[in-house]
Amino acid sequence: MIDTVSLADRQTDSPKHTVQIFNRTALLWLIVAIVAYSCVPWYMLEDGFWSMEWLDGYPFDTDYAPALFLIAQGEKLWLAPIGIAILLAIPAAFLNNTNRLYGWLLITAGAAGLIFLCAQGLSIGIRGWTADWITTLFGELGDRQFGMGYGALLTALALLFFLTTGLAARGAINGDAFVVGAVGFVIAIVTVFIFFPISDMLSSAVKNDDGLFSLTTFYEKFTHRKIWSLACIDGEQSCGVAWNSLFLAVLVGFFTTALGLVFALVATRSGVTQAKLLRPLTVLPIITPPFVIGLAIILLFGLSGTVTTFVADLLGIQPTRWIYGLPGIFIAQLLSFTPIAFLVLIGVVEGVSPAMEEASQTLRATRWHTFKTVSLPLMRPGLANAFLLGFIESMADFGNPLVLGGNYDVLSTEIFFSIVGAQNDQGRAAVLAIVLLLFTLTAFYAQRKWLGQKSYITKTGKGDSGQHTLLPKRILIPCWAIALTWATFTLTIYGMIIYGSFVELWGLNNTLTFKHYQSTFAIAFDENGWRLKGAAWDSFLTTIKIAAIAAPLTAIIGILTAFLLVRQNFFGKNTFEFGTMLSFAIPGTVIGVSYILAFNVPPIEITGTGVILIISFIFRNMPVGVRAGIASMSQLDKSLDEASLTLGASTWRTFTRVVLPLMKPAILAAMVFSFVRAMTAISAVIFLVSAEYNMATSYIIGRVENNDYGIAIAYSTVLIFVMLAIVCLMQLLTRQTRTRHVV
Amino acid sequence: MHNSHKNNHSREYSHIGTKAASVEFSGVSKIYPGNVIAVDQVSLRVEAGELVTLLGPSGCGKTTTLRMIAGLEKASSGAIYIGENDVTGLPATDRDVTMVFQSYALFPHMTVDQNVAYGLKLLKLSRSELKNRVENGLALVGLQGYGDRLPSELSGGQQQRVAVARAIVLEPQVLLFDEPLSNLDAKLRRQVREEIRDIQQRLGLTVVYVTHDQEEALAVSDRIIVMSNATIAQFGTPQELYAKPVSEFVADFIGEANVIPVYIESLQNNMATVRVGDHEIQMDSNNLSIGRAKLAIRPHQINLFPSERHNTFDAVIKKCTYVGSHIEYRLDSNLGELFVVDHQTDSVFEEGQLVGISFSTSGPVLLSD
Ligand SMILES: Nc1ncnc2c1ncn2[C@@H]1O[C@H](COP(=O)(O)OP(=O)(O)OP(=O)(O)O)[C@@H](O)[C@H]1O
Ligand SMILES: [Mg+2]
Chain A
46 MIDTVSLADR QTDSPKHTVQ IFNRTALLWL IVAIVAYSCV PWYMLEDGFW
96 SMEWLDGYPF DTDYAPALFL IAQGEKLWLA PIGIAILLAI PAAFLNNTNR
146 LYGWLLITAG AAGLIFLCAQ GLSIGIRGWT ADWITTLFGE LGDRQFGMGY
196 GALLTALALL FFLTTGLAAR GAINGDAFVV GAVGFVIAIV TVFIFFPISD
246 MLSSAVKNDD GLFSLTTFYE KFTHRKIWSL ACIDGEQSCG VAWNSLFLAV
296 LVGFFTTALG LVFALVATRS GVTQAKLLRP LTVLPIITPP FVIGLAIILL
346 FGLSGTVTTF VADLLGIQPT RWIYGLPGIF IAQLLSFTPI AFLVLIGVVE
396 GVSPAMEEAS QTLRATRWHT FKTVSLPLMR PGLANAFLLG FIESMADFGN
446 PLVLGGNYDV LSTEIFFSIV GAQNDQGRAA VLAIVLLLFT LTAFYAQRKW
496 LGQKSYITKT GKGDSGQHTL LPKRILIPCW AIALTWATFT LTIYGMIIYG
546 SFVELWGLNN TLTFKHYQST FAIAFDENGW RLKGAAWDSF LTTIKIAAIA
596 APLTAIIGIL TAFLLVRQNF FGKNTFEFGT MLSFAIPGTV IGVSYILAFN
646 VPPIEITGTG VILIISFIFR NMPVGVRAGI ASMSQLDKSL DEASLTLGAS
696 TWRTFTRVVL PLMKPAILAA MVFSFVRAMT AISAVIFLVS AEYNMATSYI
746 IGRVENNDYG IAIAYSTVLI FVMLAIVCLM QLLTRQTRTR HVV
Chain B
2 MHNSHKNNHS REYSHIGTKA ASVEFSGVSK IYPGNVIAVD QVSLRVEAGE
52 LVTLLGPSGC GKTTTLRMIA GLEKASSGAI YIGENDVTGL PATDRDVTMV
102 FQSYALFPHM TVDQNVAYGL KLLKLSRSEL KNRVENGLAL VGLQGYGDRL
152 PSELSGGQQQ RVAVARAIVL EPQVLLFDEP LSNLDAKLRR QVREEIRDIQ
202 QRLGLTVVYV THDQEEALAV SDRIIVMSNA TIAQFGTPQE LYAKPVSEFV
252 ADFIGEANVI PVYIESLQNN MATVRVGDHE IQMDSNNLSI GRAKLAIRPH
302 QINLFPSERH NTFDAVIKKC TYVGSHIEYR LDSNLGELFV VDHQTDSVFE
352 EGQLVGISFS TSGPVLLSD
């Protein structure tokens with residue numbers, strides 16, 4: 046006993062009890078704030094930050110000056126209070142974090158600074174005060190300001206972390222500074238990049254042409270007969286876009302669910318092992334740009350399509366444009382979204398515990414009876430889920446209606462044409478976006494309310510052995526027939542795309558040619574060395590670059606959010622979750638419109654930059670990252686985190702040393718997924734691209750609009766193969782990481 | 002306390018010290034969302050260097066109590082002290098408490114060495130010292146030479162020991178175990194629990210240990226806390242709990258007991274005259290007052306006689322089970338159904354036979370009604 050005690054005495058200076066002179070967290074953010082405020086250009090720079098043009102004239106040139114230098118020269122004096130807020134936080138760096146004053150100083154400094162920063166940003170724009178009532182209140186300003194730049198961004202970040210660190214010190218979320226900081230950060234970015242633009246757009250719906258608040262204008266636009274007319278029921282005229290969209294979405298939701306179920310049943314319960322080959326089909330929608338199916342359908346059924354001409358010759362009738370409109374969009378969406386339903390339902394079908402079915406059979410029920418009374422009811426919530434997913438996807442789809450719509454107008458394309466067309470009516474676009482949002486949010490809400498919380502997985506965790514019962518014959522045979530037909534059709538479609546990319550001029554001149562590939566992806570060698578001569582290289586490389594920047598950011602934010610949702614408990618967690626998943630239900634066109642409306646003017650002026658593309662990808666794909674994170678984190682034993690905590694590691698260290706390494710496969714999957722989605726996205730992108738930052742998909746759509754199908758299809762084929770390669774690579778990598786340490 | 006034993010080993014393991022400290026709860030409650038009261042106004046004190054088990058039926062709040070000591074769960078009210086310090090508001094990271102989890106919670110992406118070094122790395126030790134302490138830790142649990150393996154390459158018992166080593170090398174003020182043996186088979190369980198007890202005594206650690214196996218609790222503990230319905234039913238040494246249970250619940254939970262209703266007729270010094278059925282017996286009053294009470298009798302404290310014996314209760318053998326070392330009987334009597342263990346295996350009573358029973362003079366305890 047004695048010698049062990051004396052040994053222990055020597056180690057009493059364990060760092061857990063050391064007294065620090067500085068408070069590290071507070072000091073770090075204080076330094077960031079001070080540097081940002083006094084050394085980094087406050088406003089957005091015209092030539093971009095990284096061109097470094099601004100070094101010429103810095104720090105006194107008012108365009109490039111940091112806030113401190115602006116104020117010193119008597120300019121932009123409204124930035125001064127932010128500096129005062131930062132000064133207020135200085136004492137905190139020298140206080141112990143158990144000191145009451147420490148928390149309150151940081152909270153006051155952070156909150157006051159942030160509120161003021163937002164207030165001045167929103168109220169002073171390029172033409173002085175942004176609203177008349179402010180002018181009346183304070184008088185003419187006689188000055189103006191541009192969008193915020195890196196100085197403002199870093200200052201805002203530091204102020205935010207002042208606030209969260211202060212809240213943590215006062216005991217919020219068990220006083221864990223990392224968790225409070227992470228929650229605050231996620232809330233902040235979701236507010237700025239989802240709630241702010243969306244509410245900005247909503248507000249533009251209630252403004253008349255002079256920018257004044259007017260409910261009558263809103264009412265007129267909202268109830269316009271082009272949106273709600275039911276003329277198609279009895280007459281020749283077409284219905285309103287809202288009904289068109291709704292009808293289409295219900296149809297697509299229903300049929301994708303039915304087909305998805307058929308596939309899931311065939312894949313898991315036909316007793317044929319080859320049926321597993323159906324699984325790769327689920328990869329198709331991920332790697333296929335959304336309008337490509339539409340293009341292939343034109344190749345088959347368009348005016349000069351293969352099938353159309355064949356049938357016309359056979360029957361001696363005039364080829365028609367019947368495919369353009371509801372039939373075309375419906376078929377294209379069916380092909381595009383059935384794999385998603387399949388993916389959802391295969392989990393559901395496998396989740397039905399074999400034990401239950403076996404129990405039913407031991408009770409003398411026939412297979413058919415078992416299927417009808419046990420299996421199907423257990424799958425019901427899953428079916429509803431798949432339906433709602435199909436519904437939302439169809440509503441949000443932009444590419445297929447754009448290519449195949451004809452006279453059948455739907456909301457997503459109508460929004461686009463009100464902005465870019467001759468009308469250029471932002472108010473109308475906003476109103477249409479609201480209608481679209483109403484539909485998707487209702488579906489999203491219904492899904493979460495009734496199904497999201499309910500666990501319909503009947504696995505008991507008690508090593509369900511047992512076999513899934515096979516399908517009764519009277520179901521199995523039709524299922525096989527449908528599945529095979531569908532699979533053949535899908536293969537034909539993809540074959541069409543590849544073949545079509547080598548055809549000179551589809552339907553008219555069927556000679557094979559490399560022409561389209563040459564004009565898009567040619568590489569020339571001349572006296573200046575290698576040169577990317579093809580017309581598509583520019584947009585292709587931009588796409589890769591933007592997607593590569595967005596992917597890791599999406600994955601990290603997604604995983605971080607998942608960590609907060611699965612592992613932490615805090616007040617308002619449900620609302621927090623709803624907020625982070627919300628962007629899933631916001632169609633890309635709506636995001637696109639709201640972004641160009643909100644981010645075209647200070648305080649955040651990023652339209653036309655690559656940044657706006659990256660940000661739109663991050664927030665469009667974040668729900669997927671969160672879902673992936675939640676799924677894989679729920680399988681991670683919670684006591685691993687807790688073991689790390691009891692061993693003295695902080696939450697931050699636990700997150701980086703234990704959680705992240707174990708989540709590697711999920712992170713990789715989220716990264717690849719968001720990369721690929723960023724490459725194939727079109728709906729939001731088409732609003733946000735600029736001459737400098739053109740993306741592959743919008744380039745292709747541009748070719749389609751010029752009837753340049755050859756080039757469009759060749760480019761799409763290249764995209765599909767690039768993405769296929771990436772997905773396969775990921776499969777390989779995850780398999781390796783998984784076998785290396787079996788958990 | 003096992004002095005000779007300790008001296009044999011003190012050389013070998015002298016590198017692992019102890020900062021063992023006491024644990025004190027004062028009026029601690031834990032209420033989970035949904036108004037689930039998991040721990041209700043519990044006060045207790047575990048002395049430094051002592052091994053205390055938390056024992057009780059499923060859902061009585063053992064794990065919750067343990068997690069509050071670790072700081073993984075925040076007390077809803079009351080105060081928790083470790084040593085002299087109030088740690089009520091401290092999160093797990095800042096408490097000097099380590100825990101061995103039921104699932105072991107070894108980090109699957111780290112080798113055994115890295116697992117054991119995980120907490121030590123935060124102490125900013127020199128490389129050689131770090132290495133030394135990891136080696137000592139593994140030596141303590143008999144896993145020298147396994148340092149480079151991944152947890153997935155170890156057997157369940159070995160994984161369990163790595164978890165113990167990882168927790169011990171930090172020389173915590175308090176070491177916690179949550180049902181550490183439940184994943185092991187019966188034989189290994191006995192061996193590992195002896196090893197844990199051995200290490201605890203050699204290093205003088207303060208250990209709080211959760212189990213719902215009463216045999217395990219009796220075998221390893223200095224003292225046992227019996228919990229029931231979110232409160233402490235009794236806190237005492239194994240002998241106290243067995244010989245002097247304070248309630249029917251404890252009497253029945255620690256070893257089986259027959260509990261029958263009785264009436265205390267009179268008291269004299271600490272002796273009570275108790276009416277049991279139509280007999281009167283004298284026994285320790287256990288500070289009870291005159292009135293209805295209960296009598297707890299262990300199965301082996303009932304003696305069986307052929308029926309004609311004088312001064313016995315009548316009973317009928319309902320069921321008789323031969324289990325090797327002894328015979329178990331179920332009897333029907335006008336005191337209710339009784340469970341009796343008889344170590345005399347040569348004279349067997351038959352089912353349906355009428356017998357006389359009497360109680361051992363010392364052993365049965367009076368409990369309040
Ligand atoms: N996170 C939680 N949320 C709500 N209730 C909980 C939570 N954890 C435990 N409980 C409830 O608190 C009570 C005590 O749980 P605890 O885990 O402490 O029991 P236990 O004694 O360890 O049981 P066991 O022997 O089964 O492990 C139980 O009724 C349990 O249902
Ligand atoms: Mg427990």
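Line by line, the protein sequences are chains A and B. Under this note's numbering, the first residue of the first sequence carries the number 46, and numbering increases by one thereafter. Under this note's numbering, the first residue of the second sequence carries the number 2, and numbering increases by one thereafter. Even glycine gets a Cβ: it sits at the ideal position worked out from N, Cα and C. Computed from a prediction, not measured in an experiment: that's the story for all the values here.
Between which two residues does the beta strand (DSSP E) carrying residue i extend?
{"i": "T212/B", "result": "V208 to T212"}
{"i": "Y323/B", "result": "F314 to Y323"}
{"i": "I225/B", "result": "R224 to S229"}
{"i": "S27/B", "result": "V24 to Y33"}
{"i": "E338/B", "result": "G337 to D343"}
Nearer than 7 Å: is that true of the beta carbon of residue i relative to any heavy atom of ligand 1?
{"i": "L451/A", "result": "Here residue 451/A turns out to be Gly, not Leu, going by the sequence shown. No; taking the cut-off as 7 Å, the Cβ of G451/A has no heavy atom of ligand 1 nearer than that."}
{"i": "S183/B", "result": "no"}
{"i": "S59/B", "result": "yes"}
{"i": "Y33/B", "result": "yes"}
{"i": "A39/B", "result": "yes"}
For chain C, is any of its Cβ atoms less than 8 Å away from the one on residue i?
{"i": "G693/A", "result": "Any reference to chain C falls outside this structure, whose protein chains are A and B."}
Can you determine whether any heavy atom of ligand 2 sits closer than 7 Å to the C-beta of residue i, and answer yes or no?
{"i": "V43/B", "result": "no"}
{"i": "T64/B", "result": "yes"}
{"i": "V211/B", "result": "yes"}
{"i": "D179/B", "result": "yes"}
Tell me where the alpha helix (DSSP H) around residue i begins and ends.
{"i": "G237/B", "result": "It is not in any alpha helix (DSSP H) - G237/B instead sits in the beta strand (DSSP E) that spans T232 to G237."}
{"i": "L681/A", "result": "Per DSSP, L681/A belongs to no alpha helix (DSSP H) and is neither H nor E."}
{"i": "Y82/A", "result": "R69 to C84"}
What's the gap between the Cα of residue i and the Cα of residue j?
{"i": "K31/B", "j": "H110/B", "result": "34 Å"}
{"i": "S661/A", "j": "V224/A", "result": "25 Å"}
{"i": "T654/A", "j": "N555/A", "result": "41 Å"}
{"i": "L189/B", "j": "Q161/B", "result": "11 Å"}
{"i": "M89/A", "j": "F191/A", "result": "7 Å"}
{"i": "D370/B", "j": "E329/B", "result": "28 Å"}
{"i": "V480/A", "j": "A106/B", "result": "50 Å"}
{"i": "E257/B", "j": "R299/B", "result": "6 Å"}
{"i": "V53/B", "j": "P710/A", "result": "42 Å"}
{"i": "E750/A", "j": "A729/A", "result": "18 Å"}
{"i": "S345/A", "j": "V548/A", "result": "The residue asked about is misnamed: residue 345/A is Leu in this sequence, not Ser. Going by the C-alpha atoms only, they are around 14 Å apart."}
On the CB-based measure, 16 or more other CB atoms within 10 Å of its CB, does residue i come out buried or exposed?
{"i": "W95/A", "result": "exposed"}
{"i": "P246/B", "result": "buried"}
{"i": "H561/A", "result": "buried"}
{"i": "D97/B", "result": "buried"}
{"i": "V37/B", "result": "exposed"}
{"i": "R68/B", "result": "buried"}
{"i": "E172/B", "result": "buried"}
{"i": "R412/A", "result": "buried"}
Since residue i contacts residue j with CB under 8 Å, what's their CB separation in whole angstroms?
{"i": "N68/A", "j": "L140/A", "result": "6 Å"}
{"i": "I641/A", "j": "I591/A", "result": "No, I641/A and I591/A are not in contact; Cβ-Cβ is about 17 Å, not under 8 Å."}
{"i": "L176/B", "j": "A168/B", "result": "6 Å"}
{"i": "L162/A", "j": "L133/A", "result": "Actually they do not touch by this definition, with Cβ atoms about 14 Å apart."}
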